[in-house]
Amino acid sequence: MTDSTDYPATGYPAEPPAASYPANKMATSRSRGALSGLGVLLLGAWGALIPFIGPYFDYAYTPNQTWTWTAARFWMQVLPGGVAFLAGLALLVSAHRVAASVAAWLAIAAGAWYVIGPLAAPLWNTRYIDIGTPVGGRTDASVEQIGMFYGLGAAIILLAAMAAGRFSIVAARDPAYAASRYQGVPAGQAPVAGETADDAAAGQPETAEPIRERPIRRHRLLPH
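Numbering of the sequence shown is given in this note's numbering, commencing with residue 32 and proceeding in unit increments.
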């Protein structure tokens, strides 16, 4: 018969623990929607302010008066402009995919309202939200319609749709960004999508491996 006894023996390099990274697919870089967000923000500010400052240089709908508040200006210009401004600000600073996507769709709705609102207003058959008529000649009227409603809304929709498309996909570097943000791992050392921890460590400089003791099983004869 034999009896097995464990004795300490020489050490050998231990396997490093597997790196773990958060599977947070909602986190994304703030730069993802920065350009589109800035554009939507500026266009929203223009749309909300132009009915009040446009009469300074005869760029307005009637009444051609500066800083004159009307219900039509609120519902048709200030409200969608304010929504676009806040949505653009959210796109500019947001690092969460869902929040940025919601902001993008709000901006799309605001831009659509600039396009549809002037066409739908006559159907309501009320003077309460009468947007008036563009001042000036034929060329001036066309420029005012484009810059205050139809062209403005189309530009907001374009930029917001670009942002919505960018936030609807998971980029290859988003897991690395999530790791660097939530675990303090440098972005250059975190694995990208489809990359294992071993693959990420392959390009790093070699370091001294930890040593641990491994017991060796020896056998001893026992009397029968």
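By construction, the Cβ of each residue, glycine as well, lies at the ideal position given by its N, Cα and C atoms. The structure displayed is predicted, hence computed values, not measured ones.
- Of the other Cβ atoms in all chains shown, 16 or more fall within 10 Å of the Cβ of residue 108; this residue is therefore buried.
- Between the alpha carbons of residue 169 and residue 195 lies a gap of roughly 36 Å.
- Under the three-state reduction of DSSP output, residue 82 falls in the helix class.
- Under the 8 Å Cβ criterion, the segment 67–78 counts as touching the segment 118–128, having at least three qualifying pairs.
- For the pair residue 135 and residue 175, the Cα-to-Cα distance works out to about 26 Å.
- Of the residues 187, 80, 93, 94, the one whose Cα lies closest to the Cα of residue 143 is 187.
- Counting along the chain, residue 192 sits inside the alpha helix (DSSP H) bounded by residues 182–198.
- Annotation for residue 197: 63, 64 place their beta carbon closer than 7 Å to its own, counting only its chain and skipping 5 residues before and after.
- For residue 171, the enclosing alpha helix (DSSP H) starts and ends at 169–176.
- Beta-bridge annotation (DSSP): residue 165 is paired with 92.
- Judged by their CB atoms, residue 149 and residue 162 are nearer to each other than the 8 Å cut-off.
- Each residue's CA atom was taken as its position, placing residue 75 and residue 115 some 5 Å apart.
- Taking C-beta atoms as the reference points, residue 60 and residue 126 count as a pair closer than 8 Å.
- When rounded, the separation of the alpha-carbon atoms in residue 141 and residue 199 is 20 Å.
- Residue 87 counts as exposed, since fewer than 16 other C-beta atoms from the protein chains shown sit within 10 angstroms of its C-beta.
- 8 Å or more divides the Cβ of residue 103 from the Cβ of residue 147.
- Taking all protein chains in view, the Cβ of residue 81 is crowded by 16 or more other Cβ atoms within 10 Å, so the residue is classified as buried.
- Cα atoms of residue 191 and residue 151: separation of roughly 23 Å, rounded to the nearest angstrom.
- Here residue 93 is exposed. Its C-beta has fewer than 16 other C-beta atoms within 10 Å.
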